[in-house]
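Colleague: Got a structure for you, written out below as structure tokens; questions coming shortly.
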Amino acid sequence: MSLEGLDEGQYAAAAHNDGRHGLASAGPGSGKTKTVIAHVGELLRRGGNPKAIQVLAFSADAVEEFSKRLIASGAPGADQVSVRTLHSLGLRICGLMQRNGILPEAGLLTDKDANKIQMFMREALAEEDQSVWDVDDLQLDVMGQALTMAKSTLVRLDQDPPIEVLLRLAEGDEQVARALLRFEAIRAEQGFRTFDDLIYDVARALQDDPRAWRLVTNRFDNVIVDEYQDIDDAQQLLIKALIGTRGRGLVVGDEDQCIFDWRGANLHYMLSGFEDTYADVGVTRYFLSRTYRYGHELAIGANSLIRHNTERPDKTCISAPSTPATRVEMVMPTMASQDDQWPDLVLQALDHWQAQGRKLGEAVVLVRAFSIAAPLELALLKQKRPYHLEGKGVLEMPEVKALMAYTALQSEPYWQSLSTAQRQTQWQLILGYPGAFLPRALINNVTEAMAAAAMPAEALEILRQAAWADGVSGQHARALSMRADVIDRVLRAPAEPASIAEEVWSRLNWAQDIRRRVNDPIKQQERIDTLALVRDQISGFQTLEDLLETYSQGAVKGGGKKDGGRLKIMSMHASKGLEYPLVIVPGLADGQMPFIHPERPTNMEAERRLLMVAMTRAQEQLLLVAPNDADLAKRWEIEVNQQFSRRGDDAKAVTSRFLPEIDVESIRAARTHFYQVGTHPMTEGLTRYLDAMGPAKPAAELDTPAVETKRAPTAVLDLDELFGGPSF
1 MSLEGLDEGQ YAAAAHNDGR HGLASAGPGS GKTKTVIAHV GELLRRGGNP KAIQVLAFSA
61 DAVEEFSKRL IASGAPGADQ VSVRTLHSLG LRICGLMQRN GILPEAGLLT DKDANKIQMF
121 MREALAEEDQ SVWDVDDLQL DVMGQALTMA KSTLVRLDQD PPIEVLLRLA EGDEQVARAL
181 LRFEAIRAEQ GFRTFDDLIY DVARALQDDP RAWRLVTNRF DNVIVDEYQD IDDAQQLLIK
241 ALIGTRGRGL VVGDEDQCIF DWRGANLHYM LSGFEDTYAD VGVTRYFLSR TYRYGHELAI
301 GANSLIRHNT ERPDKTCISA PSTPATRVEM VMPTMASQDD QWPDLVLQAL DHWQAQGRKL
361 GEAVVLVRAF SIAAPLELAL LKQKRPYHLE GKGVLEMPEV KALMAYTALQ SEPYWQSLST
421 AQRQTQWQLI LGYPGAFLPR ALINNVTEAM AAAAMPAEAL EILRQAAWAD GVSGQHARAL
481 SMRADVIDRV LRAPAEPASI AEEVWSRLNW AQDIRRRVND PIKQQERIDT LALVRDQISG
541 FQTLEDLLET YSQGAVKGGG KKDGGRLKIM SMHASKGLEY PLVIVPGLAD GQMPFIHPER
601 PTNMEAERRL LMVAMTRAQE QLLLVAPNDA DLAKRWEIEV NQQFSRRGDD AKAVTSRFLP
661 EIDVESIRAA RTHFYQVGTH PMTEGLTRYL DAMGPAKPAA ELDTPAVETK RAPTAVLDLD
721 ELFGGPSF
């Protein structure tokens, strides 16, 4: 690929050849992959050794796309350039270090071994008198996140770190904190590595053993790193070793899109750390500031938001002439009392989208947390609208599954349709939630017997008999009997969803069980509120048949990205790198966005970056769903009921503090200036944006890069030859 067709920022970065390292700050949709491919092509055109070029990406999909496009560029030797994920490279270096006696032999446990990894985690979490099967699944989630954070930040789990460090990783859960150390001991005993350990073990070796550094460093002429804003401490150490003193690095990322700090991403490296590390050689910084994804309205809106961050260079993202006229709009309930009806506003927007001949699959709803999407999920289910959920939603909550299992007890057709295994699963949910301190082994034995009965009434008698069977302790017998009484009441209640839901909700203490199982107070309340919402939704159905038919559909899992007929719901974090014609962002209330924890400080700049990432996924339309706020409505020219709307301090306490930062006046001014819509006056924000645009520099005026003399051949770490196998 030649440098033709590149804009000024892309051209400068692709032609990087000044003997220094390079750092390219690339805004959303600015063509960074195109730029990096052009840069590799330039290196090859100058006579560079393709086997001495290492390109590092963050995902297997990114590796596949980059490799195909690089080979298609026709650059000489493009098919010999190593393009890998950091973890793929880590796997091969682990093997190399094992062969050289630096690391112990260890097998890799992948996603296919998830059950085995989970069992090791259960062993680490289980107390002395606790079965591994009685470990709470929610603690497994916390522990998994804690392990990732510990490995990415190079916490020495084998050297008994301070308890304060472990508690911070474990969200204050002492059992999880202790389990982190036990898990690392189990890992050493069993001889395995997880995905996180592929970088962690290499980085630890680089810290501790000079042989490791000598083995890895100074093997490449050029090391190119994508998504550099999300680099963590362990990955940075590996990159530093790869570059060494021989290589030249070009790192590409965007300070404004660093959104994975919760798993160890360290923005410091992108801001100044890379330049500090190579101050002796020097670093040339480039800016890819022109987006090819969205139009001027959204560019101005996103710029006005992110400008409030201080941890960023002074830069402005501008839209290329070819971009669509992206529309930025906001909706809100007309009265403060209607805030919980926001899903209706989303459904209305989707109706309008489809009325224009557009597909539902072109739209995405982005949320800070899936608990925010719960009301929309339930509304979609009730209206039987198809959707695809990229994550764990309402119906994945075990408490919701249990609530539905209780509600279905009176439906003979439903129970007759279940297999024996499915009936046992239903009974396991009913006996397991809310928790009654019953061992998992006892629940499994009792429900296996209950599942043999075709109907719930027969299974109830089996449960009553099992409660007082030989070998069952008095405590467990009482718990089983109490649960049997609840089942009996449900079976005798009127066959209406509302009556059954009320019976189950009033007889069992769901909230207390959640508070016992979930350590984090925010997550506690989210779970309780979501479950209460499901209860209310269940009560709104007239018949059990309609309820069960609706909920049996659920959300589609898998294949959703290719399904043009289904609305997509995903987290803001998962949307990174994606783009959609219509983006809808609900949950813009303070506490939800930004997410505010009562016991831990909030990184407001990271939260603001996350909102900007969500906004800049849009190509044609961005719809922000705000709570009722009379002052905000006035700025956005939204009609609300003035008498029953929030304003002043009342509104500030509810509305996301980020929404007033979005310069809607300049958005409207851009609508007039660029698209001749309306007669909105010029603003300071639009003037600043126009100044940043400046005159486009013709390609003919761009400096032609000098051709570098080919370096003398040196040893290359050809990992493909040493360790074959697929990248992942």
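Per the UniProt record's numbering, the very first residue in the sequence shown carries number 1; after that it's consecutive. C-beta atoms are modelled at their ideal positions from N, C-alpha and C, and glycine is treated no differently.
Report the three-state DSSP secondary structure of residue 681 (helix, strand or coil).
Modeller: In the sequence shown, the residue the question calls residue 681 occupies position 681. Residue 681 falls in the coil class under three-state DSSP.
Colleague: Quick check: residue 41 and residue 15, are their CB atoms within less than 8 Å of each other?
Modeller: By 1-based counting over the sequence shown, the position of residue 41 is 41. By 1-based counting over the sequence shown, the position of residue 15 is 15. Against a cut-off of 8 Å, the Cβ pair of residue 15 and residue 41 comes out as no contact.
Colleague: Run through the DSSP bridge pairs and tell me what residue 570 is partnered with.
Modeller: On the sequence shown, residue 570 is found 570 positions in, with the first residue counted as 1. Paired residue(s): 366 and 390.
Colleague: Helix, strand or coil for residue 418 per DSSP?
Modeller: Looking up residue 418 in the sequence shown gives position 418. Of the three classes helix, strand and coil, the one that applies to residue 418 here is coil, per DSSP.
Colleague: Figure out for me which residue from 363, 220 and 549 has the closest Cα to the Cα of residue 413.
Modeller: The residue labelled residue 413 in the question sits at position 413 within the sequence shown. Out of 363, 220 and 549, 549 has the C-alpha closest to the C-alpha of residue 413.
Colleague: Give the straight-line distance between the Cα atoms of residue 112 and residue 417, rounded to the nearest whole angstrom.
Modeller: Taking the first residue of the sequence shown as 1, we reach residue 112 at position 112. Taking the first residue of the sequence shown as 1, we reach residue 417 at position 417. If I take the Cα positions, the gap works out to 31 Å.
Colleague: Can you list, in chain order, the residues of its chain whose CB lies under 7 Å from that of residue 644, leaving out five sequence neighbours each side?
Modeller: Numbered from its first residue, the sequence shown carries residue 644 at position 644. Closer than 7 Å at the Cβ level, and outside the excluded window around residue 644, lie 335, 336 and 337.
Colleague: Tell me the rounded alpha-carbon separation between residue 273 and residue 179.
Modeller: Counted from its first residue, the sequence shown places residue 273 at position 273. Counted from its first residue, the sequence shown places residue 179 at position 179. Approximately 33 Å, taken between the alpha carbons.
Colleague: Quick check: the Cα distance between residue 729 and residue 103, rounded to an integer number of angstroms?
Modeller: With the chain represented from 1 up to 728, any question about residue 729 goes unanswered, as that position is not in the structure.
Colleague: When the Cβ atoms of the region 204-212 are set against those of the region 89-106, are three or more pairs found closer than 8 Å?
Modeller: yes
Colleague: Give the DSSP-derived three-state secondary structure of residue 265 in the structure shown.
Modeller: The count along the sequence shown starts at 1 and reaches residue 265 at position 265. Coil, per DSSP.
Colleague: Hey, would you say residue 78 sits closer than 8 Å to residue 71, going by beta carbons?
Modeller: What you label residue 78 is simply residue 78 of the sequence shown in a count that begins at 1. What you label residue 71 is simply residue 71 of the sequence shown in a count that begins at 1. Yes, the Cβ-Cβ distance between residue 78 and residue 71 is below 8 Å.
Colleague: For residue 534 versus residue 508, is the C-beta distance shorter than 8 Å?
Modeller: To locate residue 534, count along the sequence shown from 1; it is residue 534. To locate residue 508, count along the sequence shown from 1; it is residue 508. No; because the gap between Cβ atoms is not below 8 Å, this pair is not in contact.
Colleague: Quick check: the Cα distance between residue 26 and residue 354, rounded to an integer number of angstroms?
Modeller: For the purposes of this step, residue 26 is identified with residue 26 of the sequence shown, where counting begins at 1. For the purposes of this step, residue 354 is identified with residue 354 of the sequence shown, where counting begins at 1. Rounded to the nearest whole angstrom, the C-alpha separation of residue 26 and residue 354 is 34 Å.
Colleague: Applying the 10 Å Cβ sphere with the 16-neighbour rule, what's the burial state of residue 214?
Modeller: As a working note, residue 214 is residue 214 in the sequence shown. Exposed.
Colleague: Report back the beta-carbon spacing between residue 250 and residue 22 to the nearest angstrom; my notes put them in contact at under 8 Å.
Modeller: In the sequence shown, the residue the question calls residue 250 occupies position 250. In the sequence shown, the residue the question calls residue 22 occupies position 22. With a Cβ gap of about 4 Å, residue 250 and residue 22 count as contacting.
Colleague: Roughly how far, in whole angstroms, is the beta-carbon of residue 551 from the beta-carbon of residue 318, given that I think they are within contact range, below 8 Å?
Modeller: Locating residue 551 in the sequence shown gives position 551, counting from the first residue. Locating residue 318 in the sequence shown gives position 318, counting from the first residue. The pair is not a contact, with the Cβ atoms about 47 Å apart (cut-off 8 Å).
Colleague: Could you tell me whether the Cβ atoms of residue 292 and residue 616 are closer together than 8 Å?
Modeller: Here residue 292 refers to the residue found at position 292 of the sequence shown. Here residue 616 refers to the residue found at position 616 of the sequence shown. No, these two residues do not count as a Cβ contact at 8 Å.
Colleague: Run the proximity test for residue 445: is its beta-carbon closer than 7 Å to any non-hydrogen atom belonging to the ligand PLP?
Modeller: Looking at this structure, you won't find the ligand PLP or any other ligand, since it has none at all.
Colleague: In chain order, which alpha helix (DSSP H) runs of at least 4 residues are fully inside the region 648-680?
Modeller: 648-652 and 664-675
Colleague: From the DSSP output, read off the bridge partner residues of residue 287.
Modeller: Locating residue 287 in the sequence shown gives position 287, where the first residue counts as 1. In the DSSP output, where bridge partners are listed per residue, residue 287 has 25.
Colleague: If you reduce the DSSP assignment to three classes, tell me which class residue 618 lands in.
Modeller: In the sequence shown, the residue the question calls residue 618 occupies position 618. Here residue 618 sits in strand by DSSP.
Colleague: Would you check if there are 3 or more beta carbon pairs closer than 8 Å linking the region 656-667 to the region 678-686?
Modeller: yes
Colleague: Should residue 420 go down as buried or exposed, given a rule of 16 or more other Cβ atoms within 10 Å for buried?
Modeller: For the purposes of this step, residue 420 is taken as the residue at position 420 of the sequence shown. The residue in question, residue 420, is exposed, as its Cβ has fewer than 16 Cβ neighbours within 10 Å.
Colleague: Using only CA atoms, which one of 389, 429, 606 and 402 lies nearest to residue 259?
Modeller: Walking along the sequence shown from the start, residue 259 turns up at place 259. Selection 389, 429, 606 and 402 evaluated against residue 259 yields 606 as nearest (Cα-Cα).
Colleague: Less than 7 Å between C-beta atoms, sequence neighbours within five positions excluded: which residues of the same chain meet that for residue 304?
Modeller: As a first step, residue 304 must be located in the sequence shown, where it is residue number 304. Around residue 304: 661, 662, 663, 666 and 685.
Colleague: In the DSSP assignment, find the unbroken beta strand (DSSP E) run with residue 337 in it and report its ends.
Modeller: Within the sequence shown, residue 337 is the residue found at index 337, counting from 1. Premise fails: residue 337 is in no beta strand (DSSP E) and is neither H nor E.
Colleague: Where do the N-terminal and C-terminal ends of the beta strand (DSSP E) with residue 584 fall, by residue?
Modeller: Residue 584 sits at position 584 when you count from the first residue of the sequence shown. 580-585 is the span of the beta strand (DSSP E), which, as asked, contains residue 584.
Colleague: Answer with buried or exposed for residue 707, where buried requires no fewer than 16 other C-beta atoms within 10 angstroms of its C-beta.
Modeller: Here residue 707 refers to the residue found at position 707 when the sequence shown is read from its first residue. The predicted model places residue 707 with a pLDDT of 40, which falls under 50 and marks its position as unreliable; any figure quoted below should be read in that light. It counts as exposed.
Colleague: For residue 524, which residues of its own chain have a beta-carbon under 7 Å away from its beta-carbon, when the five flanking residues on both sides are left out?
Modeller: What you label residue 524 is simply residue 524 of the sequence shown in a count that begins at 1. Here the set comprises 514, 515 and 518.
Colleague: Looking at the structure shown, is residue 222 part of a helix, part of a strand, or coil, going by DSSP?
Modeller: Residue mapping note: residue 222 aligns to position 222 of the sequence shown, counting from 1. It is a strand residue.
Colleague: From this set, 198, 83 and 367, which residue's C-alpha is nearest residue 106's C-alpha?
Modeller: Here residue 106 refers to the residue found at position 106 when the sequence shown is read from its first residue. It is 198 whose Cα lies nearest to the Cα of residue 106.
Colleague: So, helix, strand or coil for residue 166, using DSSP?
Modeller: Along the sequence shown, read from residue 1 onward, the residue named residue 166 stands at position 166. Three-state DSSP puts residue 166 in a helix.
Colleague: Using DSSP's beta-bridge definition, name the partner residues of residue 329.
Modeller: Walking along the sequence shown from the start, residue 329 turns up at place 329. Looking at the DSSP assignment, residue 329 forms a beta bridge with 623.
Colleague: Take residue 398 as the anchor and find which of 124, 2 and 531 has the nearest alpha-carbon.
Modeller: Numbered from its first residue, the sequence shown carries residue 398 at position 398. When only C-alpha atoms are compared, the closest one is 531.
Colleague: For residue 300, count neighbouring C-beta atoms within 10 Å of its own C-beta (all shown protein chains included) and say buried if the count is 16 or more, exposed if not.
Modeller: If you number the sequence shown from 1, residue 300 lands on position 300. That one is buried.
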